[in-house]
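Peer 1: Protein chains in written order, with full-length UniProt numbering: chain A, 1 to 216; chain B, 1 to 93.
Virtual Cβ for every residue (Gly too), placed ideally from N, Cα, C.
Let me give you the structure first, and then I'll get to my questions.
What follows is the structure, given as structure tokens:
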């Protein structure tokens, strides 16, 4: 709780310095336990809000999107304004119409650069054009990175990957816990085998339903 | 040292990026990929690394989507009191 209020202050400060030092490699923090804890906390709070926000029936497709957006937003906030993708997520979320922008790898687009590839005879140019087309695809995958220079794009991508890995880890852990706590018998059998490292929460708060098979 | 050099080069030639810079960045990215564990010493082509990166990001995002869906279902069926939330939080940590 305290961590959350202090990080929002840091967020303001970091945003200013982030524009100057966006090239500094602050990427290693995604893999620390502390970051994981902070994110998990935010995630939980965000998800609770999602739950209390909508009173619609359970298998509502918008709900899983709401969860995804809440998780992404929490992730972006955890980035503390250091990276473009996180700022893009936070700014685009307010305009829900554009929520598809995040993950639409258009296979049609690269054909334009394929023309360039044919036109340029120079070997070196050819190589860099091929890279450019792939970089474009990458730029579309990472939020807010469509028009970045190559080095910046790779920087953003590597940070984004690390953040996503943490997000997956945290969400898996949360899923595992919720499935153990909630509803008792409502455990999805395949869940423990998703490669989630057990949080040691087998000491049950639940009624001891052993319907979850041990992780393979 | 080369990182210092590439940073200054980035500001002077924003349009033309050196081969060396690309190689360095790409190798850094390559180390992040899951394929790096099996293929560590070998230098893969840059386009291959970019392709793998795109695939990996897509996979991760897909995984997040799946997890979101599962979480959405779980949240719908679970009634979470604030006491339970506190327990969950401590478990996550």
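When every heavy atom of the ligand MG is checked, does at least one fall within less than 7 Å of the C-beta of residue 30/B?
Peer 2: This structure simply doesn't include the ligand MG, nor any ligand for that matter.
Peer 1: For residue 44/B and chain A, any beta-carbon pair shorter than 8 Å?
Peer 2: By this cut-off, residue 44/B is not an interface position.
Peer 1: Run through chain B and tell me which residues come within less than 9 Å of residue 129/A, C-beta to C-beta.
Peer 2: Ordered by position in chain B, no residue passes the 9 Å Cβ test against residue 129/A, which lies about 10 Å from the chain.
Peer 1: So, using beta-carbon positions, are residue 84/A and residue 139/A closer together than 8 Å?
Peer 2: Their beta carbons are not under 8 Å apart, which means residue 84/A does not touch residue 139/A by this criterion.
Peer 1: Can you list, in chain order, the residues of its chain with a C-beta nearer than 8 Å to that of residue 46/A? Leave out the 5 residues immediately preceding and following it.
Peer 2: Closer than 8 Å at Cβ, skipping near neighbours: 70, 71, 73 and 74.
Peer 1: Please state whether DSSP places residue 79/A in a helix, a strand or coil.
Peer 2: In the structure shown, residue 79/A sits in coil (DSSP, three-state: anything other than H, G, I, E or B).
Peer 1: Going along chain B, which residues have a C-beta under 7 Å from residue 148/A?
Peer 2: Within chain B, no residue comes near residue 148/A; the closest Cβ sits about 11 Å away, beyond 7 Å.
Peer 1: Let me know the secondary structure DSSP gives residue 58/B once reduced to three states.
Peer 2: Helix at residue 58/B.
Peer 1: Mind checking residue 62/B: buried by the 16 CB within 10 Å criterion, or exposed?
Peer 2: Exposed, since its Cβ has fewer than 16 Cβ neighbours within 10 Å.
Peer 1: Which value, in whole angstroms, describes the spacing of the CA atoms of residue 39/A and residue 146/A?
Peer 2: When rounded, the distance between both Cα atoms is 26 Å.
Peer 1: On the premise that residue 164/A lies in contact with residue 92/B, defined as a C-beta separation below 8 Å, what is that separation, rounded to the nearest angstrom?
Peer 2: Not confirmed; about 18 Å, so no contact.
Peer 1: Looking at residue 157/A and residue 53/B, is the spacing between their C-beta atoms short of 8 Å?
Peer 2: In this structure, residue 157/A lies closer than 8 Å to residue 53/B by Cβ.
Peer 1: From the DSSP output, in three-state form, read off residue 67/A for me.
Peer 2: Residue 67/A: helix per DSSP, three-state reduction.
Peer 1: Step through the CB atoms of chain A and report whether any lies within less than 8 Å of the CB of residue 47/B.
Peer 2: Answer yes: the Cβ-Cβ gap between residue 47/B and chain A drops below 8 Å somewhere.
Peer 1: To be precise: take each residue of the region 49 to 72 of chain B, compare its Cβ to all Cβ atoms of chain A, and keep it if any distance is under 7 Å. Which residues remain?
Peer 2: Going along the region 49 to 72 of chain B in chain order, one finds 50, 51, 53, 54, 56, 57, 58, 60, 61, 63, 64, 65, 67, 68, 69, 70, 71 and 72 with a Cβ nearer than 7 Å to chain A.
Peer 1: Are the CB atoms of residue 71/B and residue 29/A nearer to each other than 8 Å?
Peer 2: Against a cut-off of 8 Å, the Cβ pair of residue 29/A and residue 71/B comes out as no contact.
Peer 1: Tell me where the alpha helix (DSSP H) around residue 37/B begins and ends.
Peer 2: That residue, residue 37/B, is in no alpha helix (DSSP H); it is neither H nor E in DSSP.
Peer 1: Give the straight-line distance between the Cα atoms of residue 28/B and residue 78/A, rounded to the nearest whole angstrom.
Peer 2: Answer to the nearest angstrom: the Cα atoms are 23 Å apart.
Peer 1: What number of angstroms, rounded off, separates the C-alpha of residue 43/A from the C-alpha of residue 168/A?
Peer 2: If you take the alpha carbons of residue 43/A and residue 168/A, they lie about 12 Å apart.
Peer 1: Do residue 48/A and residue 85/B have their C-beta atoms within less than 8 Å of each other?
Peer 2: Their beta carbons are under 8 Å apart, which means residue 48/A touches residue 85/B by this criterion.
Peer 1: Distance, Cα to Cα, residue 134/A vs residue 58/B?
Peer 2: Approximately 14 Å, taken between the alpha carbons.
Peer 1: Do we get a CB-CB distance below 8 Å when we pair residue 83/B with the residues of chain A?
Peer 2: Not closer than 8 Å to any Cβ of chain A, the Cβ of residue 83/B fails to qualify, so no.
Peer 1: Is it buried or exposed for residue 34/B, if we count other Cβ within 10 angstroms and need 16 for buried?
Peer 2: Under this definition residue 34/B is an exposed residue.
Peer 1: How about residue 63/A and residue 76/B: are their beta carbons less than 8 Å apart?
Peer 2: For residue 63/A and residue 76/B, yes; Cβs fall inside 8 Å.
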